[in-house]
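Per our numbering, the sequence shown runs over residues 230 to 323. Here is the structure we will look at.
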Amino acid sequence: PYSLYKDHSIRRYGAHGTSHFFVSREAAKMLNKPVDELNVITCHLGNGGSVSAIVNGKCVDTSMGLTPLEGLVMGTRSGDIDPAIVFHLHDTLG
C-alpha cells in the first residue's frame, strides 16, 4: 500500500537492475523495436534470481521487495514463504 511507502519508506527496490536493463535493450534490438515501445518480462537466473515486468521500456514491477529475501527461490535464499507455514509446522510437529 502507498501508505507504507509514504509513512515508513517501505518500497520494492528489486535487484539485478543492470542485468534487466541490458536484457531489455538486447530484446529491443532483436525484435527491431524502439525501447520505449518494448513490453517484455525479463529474467535474471543464476545463484540469485529475479523477474521484472518492462512496459514501454521501463521497469514497472519486480519479483523482489524491500530486500532480496522476497521473490524467487535462490541459491542462498528461500524466496517467498507463506508465514502460516511456521504455525502449521508448530501445530504439526509440536
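Glycine included, each C-beta is placed from N, C-alpha and C at the ideal position. This one's a predicted model, so the numbers in the text were calculated from it and none came from an experiment.
- Taking each of Pro297, Glu266, Tyr242 and Met293 in turn and checking the Cα distance to Ile283, the smallest one comes out for Glu266.
- Ser248 sits in a helix when the DSSP states are folded into three classes.
- Asn285 and Ser248 have their C-alpha atoms some 17 Å from each other.
- From the listed residues Met303, Phe316, Leu322 and Pro230, the smallest Cα separation to His273 is found for Met303.
- In this structure, the alpha-carbon of Ser238 lies about 24 Å from that of Ser307.
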